[in-house]
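Peer 1: Below you will find the structure I want to go over with you.
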Amino acid sequence: SQQGEEDPQALSIQEGENATMNCSYKTSINNLQWYRQNSGRGLVHLILIRSNEREKHSGRLRVTLDTSKKSSSLLITASRAADTASYFCATDAFGAGSYQLTFGKGTKLSVIP
Amino acid sequence: DARVTQTPRHKVTEMGQEVTMRCQPILGHNTVFWYRQTMMQGLELLAYFRNRAPLDDSGMPKDRFSAEMPDATLATLKIQPSEPRDSAVYFCASGLWQTSGANVLTFGAGSRLTVL
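Just so you know, the protein sequences line up as chains A and B, in that order.
Take the first sequence: its letters are residues 1 to 113, numbered as in the numbering used here.
Take the second sequence: its letters are residues 1001 to 1116, numbered as in the numbering used here.
This is the structure:
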C-alpha cells in the first residue's frame, strides 16, 4: 500500500525556474527520502531527512519536513533540462519487527529548455 | 561505481511459463528489496531481506511468487505460473541496514517483464 502521495502528479516548467514537489504521508515515520527516476532507468537516491530534522540542503535541492502535517517538500532551484525525471518520496516504517520502505506514485517533472 | 545488477533486462513470455529474475546486490550491503512498478499501482514492495533472511514478503502473491537469497551475492524472484497481470518492471535494490532505520537504497536498472 502507498504511504506517500506526491503532488502534483505532473509539473512542467521552463529551464531556470524553480520546481516544488510535495509529499504527504499517513503514519509516523523515522526518515523520509527522495529519489529520482529517469525514463527507463532505476531510481536514484537524492536526499534523506530524518524525522527530527526540519530542513536539509544538497546542492540545488532543498527538502523540508513537517511531521505535524505529515508532509515534505522537495525544491529544485534553477532547474535544468537534465532535471527532467520522475521524483518519488519514500517513507519508512517499523512494525512487528519488520521494516518497510514505501514509495509514492511520483511527480513527473518536465523542464523545457 | 558499485552497482546492483539485474538480469534479464527484458523478458517476453507466454502465460503459464515460469519466469526467474536475478539480482546481484552491492558487495557489503545486507538488505535487499524487490519492487514491482506499474503505471497504475506505482512502486509496490514485494519482498525484503536482511542478512539473507526474508523479513517481509506480505506484498507478494504467495501462490505464484517466491523470493530467495541462496547466497549474499544473489537474490532471485520467481513467478510460476506467470499471468498477463504480472507484466511490469521489477526492481531489485540493496542497502546497508542502520539501526536508525536510514536505509538508503541503490536500485538496479530493472527487469521489464511482458507476459502475453
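Using N, Cα and C, we set each Cβ at its ideal position, and we do this for glycine too.
As the structure is a prediction and not an experimental result, all values here were calculated from the model.
I want to verify the contact list: residues of chain B whose CB lies under 9 Å from the CB of tyrosine 99 of chain A, in sequence order.
Peer 2: Translated into the one-based positions of the first sequence, residue 99 of chain A becomes position 99. By Cβ distance, chain B contributes Thr1031, Tyr1048, Arg1050, Leu1055, Asp1056, Trp1097, Gly1101, Asn1103.
Peer 1: Taking its Cβ as the centre, do 16 or more other Cβ atoms sit within 10 Å of leucine 65 of chain A, making it buried, or is it exposed?
Peer 2: Locating residue 65 of chain A in the first sequence gives position 65, counting from the first residue. Label assigned to leucine 65 of chain A: buried.
Peer 1: Give me the residue from A/Thr27, A/Thr102, A/Leu61 with the minimum Cα distance to serine 79 of chain A.
Peer 2: In the first sequence, the residue the question calls residue 79 of chain A occupies position 79. Closest by alpha carbon: A/Leu61.
Peer 1: List the residues of chain B that glycine 104 of chain A touches, going by C-beta distances under 9 Å, in chain order.
Peer 2: To locate residue 104 of chain A, count along the first sequence from 1; it is residue 104. Those are Gly1042, Leu1043, listed as they occur along chain B.
Peer 1: Hey, how far is the Cα of tyrosine 976 of chain B from the Cα of serine 1094 of chain B?
Peer 2: Only positions 1001 to 1116 of chain B appear in this structure, which leaves residue 976 of chain B out of reach.
Peer 1: Just list the beta strand (DSSP E) runs in the stretch 8-82 of chain A, keeping only unbroken ones of 3 residues or longer that don't cross its boundaries, in chain order.
Peer 2: Entirely contained in the stretch 8-82 of chain A, the beta strand (DSSP E) runs reaching 3 residues are, in chain order, 10-14, 19-24, 31-37, 43-50, 55-58, 61-66, 71-76.
Peer 1: Which two residues bound the contiguous beta strand (DSSP E) that contains glycine 1042 of chain B?
Peer 2: Counting from one through the second sequence, the residue named residue 1042 of chain B turns up at place 42. Per DSSP, glycine 1042 of chain B belongs to the beta strand (DSSP E) from 1042-1050.
Peer 1: Taking any Cβ of chain B, which residues in the stretch 30-61 of chain A have a Cβ under 9 Å from it, in chain order?
Peer 2: Flagged, chain order: Asn30, Asn31, Gln33, Tyr35, Gln37, Gly40, Arg41, Gly42, Leu43, Val44, His45, Leu48, Arg50.
Peer 1: Exposed or buried, what is threonine 1007 of chain B when buried is set at 16 or more other beta-carbons lying within 10 Å of its beta-carbon?
Peer 2: Looking up residue 1007 of chain B in the second sequence gives position 7. That one is exposed.
Peer 1: Can you list, in chain order, the residues of its chain with a C-beta nearer than 8 Å to that of glutamine 2 of chain A? Leave out the 5 residues immediately preceding and following it.
Peer 2: Indexing the first sequence from 1 puts residue 2 of chain A at position 2. Because glutamine 2 of chain A sits at a pLDDT of 49, beneath the cut-off of 50, its placement in the model cannot be relied upon, and the following sentence gives the value as read from the coordinates. Closer than 8 Å at the Cβ level, and outside the excluded window around glutamine 2 of chain A, lie Thr102, Phe103, Gly104, Lys105.
Peer 1: Go to alanine 1093 of chain B, then tell me how far its beta strand (DSSP E) extends in each direction, as first and last residue.
Peer 2: Reading the second sequence from its first residue, position 93 is the one you call residue 1093 of chain B. Element bounds for alanine 1093 of chain B: 1088-1095.
Peer 1: Per DSSP, what kind of secondary structure is proline 1025 of chain B in: helix, strand or coil?
Peer 2: If you number the second sequence from 1, residue 1025 of chain B lands on position 25. Coil, per DSSP.
Peer 1: If you run the structure through DSSP and keep just helix, strand and coil, what is arginine 1085 of chain B?
Peer 2: By one-based count along the second sequence, residue 1085 of chain B stands at place 85. Three-state DSSP puts arginine 1085 of chain B in a helix.
Peer 1: Within the continuous beta strand (DSSP E) that includes methionine 1069 of chain B, where are the two ends?
Peer 2: As a first step, residue 1069 of chain B is located in the second sequence; it is residue number 69 there, counting from the start. Here the beta strand (DSSP E) through methionine 1069 of chain B covers 1065-1071.
Peer 1: Let me know the secondary structure DSSP gives serine 1058 of chain B once reduced to three states.
Peer 2: Counting from 1 along the second sequence, the entry for residue 1058 of chain B is found at position 58. Three-state DSSP puts serine 1058 of chain B in coil, outside helix and strand.
Peer 1: At what residues does the beta strand (DSSP E) containing arginine 1112 of chain B begin and finish?
Peer 2: Taking the first residue of the second sequence as 1, we reach residue 1112 of chain B at position 112. From DSSP, the beta strand (DSSP E) with arginine 1112 of chain B extends over 1111-1115.
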